Structure formats: structure tokens, C-alpha cells
Amino acid sequence: MLEYFVTFINGGLCVLDMSVSLSDFQAFKSMGVSLILPAAGSSVRFLESLGGAFQIKKQWWPLEGMPLLEKVCRDFQGMACFTQIFLVVSHPVEQIYLQQRFGDSLVSVILGGKTRQQSVQNALDLVDTPLVMVSDVARFCLDYPVLHNLFSAMHEQVLDCVAPSLPASDTLIYQDNQVLDRDGVRCVQTPQLCRTAVLKKAYATGVFSDESSAILSLGAKVAYIPGSTHLNKLTYAHDLPPQQQVSSHSFGLGFDVHGFEPSKVMKIGGVQIDSKDSQQQGFRAHSDGDVLLHALMDALLGVIKGGDIGMYYSDENPAYAGMDSALMLQNIYGLVQNLGHVVVGVDATLFAQIPKIAPYRTAICQNLAKLLKIQPHQINLKATTTEGLGFIGRKEGVGAQVLVQTSILAPTQAR
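Numbering (the working numbering), first residue to last: 134 to 548.
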């Protein structure tokens, strides 16, 4: 393999051509290529490098008005040469949010595993094209000449995998202090283009850090083309590109109502209401029916243009029967935080003839503050009756309206 590697790199097959344009990739569409974008990592080193100021995973960092992983996916979409695109994320809420962002396009957002390889394999199980490209979302700058050379190499040569690589520029030593000859070492990058059947076979044999090493383990034909520093991986905060500060605040509005149901526990804002105050009634709902938390979640989704909670927690899914709304809120707010937002203010109104809210106001505000990781003084809770009018006035249910204000991450400050 080393002889083939050297011939391939030095043979002039893949000279970078800076005149490559997006339209040039359409010629490769007939090759039958799927794309896998792993984006389910935990970003431990990146989060540590932020110094605790912002807990946003690197794949969700705001870039050009959208999360980094969405930006990368849309850039690949623009090449118009892929039969399928699989974007792999870590949580069902992320999956639903991104799928509605992409709509019914050729992008499928799926759940990953605990490791990169497991995430890739989850997508690989769905691939039905002869070729598959795998590209880490953390390599967020697409280098079109390198991509063009990957396709050209696979089209013109009999290969099982082709990947970009760069020579090592630093001195390398083993842990036992032996110096490694860096002239014989290459730093392998993604994207990597592989024969689907070969990659599936290779991944079934062990654990690997990338696709080319997996396929090399089979003794299959792997070649490396010149890579690019544009493809360097986002690992630490200082790897981010310079950005303009984004607007400082955003707002979302949510509204919800629930009717009463006898012999159920009533929760409002995550606080249990005494049965004598609720007249031994709870809320008629698929989950626990916490009307205030439901309105808050819809307000948060309004901030990120993320639809409504019914898209994430359908009342037709038995898995969510009786679900604690505080857990639902935790997941929804986690998504909002992923997108760079932090709640700085909540203004809520409860419409209720019963129960009386005043005895619970302080406890509700304190619990909302705990759930949102803010201070109670950042929450305003109002309550009103409807003067006996409508279903609320007839003591048949409760309504809630919530306005939420968020502060949006300013990337230049975070760095």
C-alpha cells in the first residue's frame, strides 16, 4: 500500500485546481454517492476551551445565521451530486428540529451512537448507493478542489477508498520518548470517499478512528490525495473563524390551554397544586398537562423558529403518556441553548378561575428559575380570571401565555 500511496501522491493525478465550481460536481451524480455527516459528538475539548462562558457544542456554533452542522450540510447540498445525505445527531429533539429545517429534501437527520464509528454505522445501514462519502462536520470549511479530486480519483482509478492527507509539520514522539520520522507520516483528513460494501465489511471487523484505516485493515486499495489546511478540524475555540457579533436579543411567544380531568394531580410550572385548591382535578392531557411549562416550551421554540411542542412530543406517541413536562422543557431548552440562546427574562400570564395562583406564585417562579438556570427576579408571573366568561370562567380549565426573552451568543466575545 505504501508504494501505491507514494505513486498516487507524487504522480500528479490530483493537482489542486482553484477554478473548480459547484456546477463541476454535477458530472459525478451518476456515480451513485451518499453522504454521511457525523455530528453527534460531545465536544468535550471545545467546551473546555470556551472557559465555561458558553456551553454550546462545536457542531451547534452559530455560523452565517445558522448552526454550524446545518451550514455544512447545506454547503454539501449545493454540490448537487449526492443521492442521499445523512446528518447524524445525538438527541431526538435535535433530530426533529433539524428535519423540519430541511423539510422533505434529500437530507435525512438520524440519531447517532456513543462513538463516531457507531454514528457512521447507523447511517451506513441506510445507505443503498455504491459509494459513500463520510465527512466530519467539525471540518466545516469545504475545499471544493479537494472534493473534486476525491471524485475524480475514484472515477478514474480502481480504488476502495480515497482520502485527503497532509504531511506532518510538528516533531512527533512516542510516549517512551522515541522520535518518529515525520517525513514518513501523513495526517489524514475527511471527507473520505469509499465503496459502500467494502466500508461495511471493514467496520464489522473492529474499531477504527476513520474510514481509510478500516478499509486498509482489509488489505483493500486505499489512496491518499493532497489535503488542505482548509479542512483542518474544529477542536478548540481558537479554531473558529472571525465572526461579526450577532444581534443581542430575541423573543418568543407561547400559548396553551388544558381542560380539567377529575382525580389527577395538578402541576403548574412544575409545582404541585394542593388537591383542595384544584378541587381534586388535574389537566386532561397526554403528558402531565402542565399548561405553563407547555406555553413556555412553545415560546422557546418560537425563539428559534422551531415549530411547536407537538412536533417533538406527539400526543399520539404512547412513549410520552404521563411524561413530566419538566423533562420535556429540559430537552427543548437544551436545543435552544445549542443554538446560542440563553433565557434572560420570562413574562407569563395564567388565565384561571381555579386554582388561585397567589399562594403558589413564589414557588412557581423559583422552580421556573431553577429549570431555566436563571434567577427568580428574571421571571414575572401574573394571574387573572376571565370574570366568569368562557370555559375558564366556567371552571373547566386553565390557559397560559408566555413571552420569553433570550440573549444570543456573541461569538467574538466567546473567543
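For glycine and all other residues, C-beta sits at the position ideal for the given N, C-alpha and C. Note that the coordinates shown come from a computational prediction; the quantities given were computed from them, not determined experimentally.
Please classify residue i: is it buried, with 16 or more other beta-carbons within 10 angstroms of its beta-carbon, or exposed?
i      : result
Asp316 : exposed
Asp258 : exposed
Lys162 : exposed
Gln508 : exposed
Gly523 : exposed
Pro195 : buried
Ser400 : The sequence shown places Lys at residue 400, not Ser. Per the 10 Å Cβ criterion, buried.
Leu264 : buried
Pro200 : buried
Ala533 : buried
Lys552 : What the structure shows of the chain is the stretch from 134 to 548, and residue 552 is not part of that stretch, so it cannot be assessed.
Val531 : buried
Tyr336 : buried
So for residue i, helix, strand or coil by DSSP?
i      : result
Lys247 : coil
Arg417 : coil
Leu505 : helix
Leu264 : strand
Arg328 : strand
Thr224 : For the sequence presented, residue 224 should be read as His rather than Thr. Looking at His224 - three-state DSSP - the assignment turns out to be coil, as it is neither helix nor strand.
Gln378 : Since pLDDT at Gln378 reaches only 44, below the 50 mark, its modelled position is unreliable, and the value read off the structure follows with that caveat. Gln378: coil per DSSP, three-state reduction.
Phe393 : strand
Tyr277 : helix
Val148 : Since pLDDT at Val148 reaches only 36, below the 50 mark, its modelled position is unreliable, and no value is offered.
Asn513 : strand
Lys400 : strand
Pro195 : strand
Leu305 : strand
Ala491 : helix
Ala533 : strand
Ser163 : helix
Val312 : strand
Leu283 : helix
Thr362 : helix
Ser252 : helix
For residue i, I'd like the list of residues in its chain whose CB is within less than 7 Å of its CB, leaving aside the five on either flank, ordered along the chain.
i      : result
Leu433 : Gly385, Ile465, Tyr466, Val469, Val537
Gln159 : Ala213, Cys214
Ser383 : Val436, His474, Thr539, Ile541
Asp457 : Asp421
Ala172 : Gln192, Leu202, Leu220, Val221, Val222, Val270
Val253 : Ile169, Pro171, Val267
For the beta strand (DSSP E) that residue i lies in, which residues bound it at each end?
i      : result
Ala481 : 474-484
Ser298 : 294-300
Arg527 : Here Arg527 belongs to no beta strand (DSSP E), and DSSP marks it neither H nor E.
Pro359 : 355-359
Assuming residue i is part of the alpha helix (DSSP H), what are its boundary residues?
i      : result
Ser436 : It is worth fixing the name first, because residue 436 is Val in this sequence and not Ser. From DSSP, the alpha helix (DSSP H) with Val436 extends over 424-436.
Val318 : Run containing Val318: none; DSSP gives neither H nor E here.
Leu462 : 458-471
Val205 : 201-210
Leu180 : 177-182
Ser346 : 344-349
Ser167 : It is not in any alpha helix (DSSP H) - Ser167 instead sits in the beta strand (DSSP E) that spans 166-171.
Ile442 : 442-445
Ser408 : 408-411
CB-CB under 6 Å to residue i, same chain, minus the five flanking residues each way: which ones, in chain order?
i      : result
Lys528 : Gln486, Ile487
Pro324 : Met266, Ser268
Tyr493 : Val404
Ile490 : Leu483, Ala516
Thr560 : Within the shown structure, residues of the chain are numbered from 134 to 548, placing residue 560 beyond reach of any answer.
Asp208 : Leu275
Leu283 : Val295, Leu326
Tell me, to the nearest whole angstrom, how far the beta carbon of residue i is from that of residue j; I am working on the premise that it is less than 8 Å.
i      : j      : result
Ile348 : Asp293 : 5 Å
Gly402 : Asn500 : 6 Å
Leu244 : Asn255 : 7 Å
Less than 9 Å between CB atoms is the rule here; does residue i satisfy it with respect to chain D?
i      : result
Ser350 : Absent from the structure: chain D. Only one protein chain is present.
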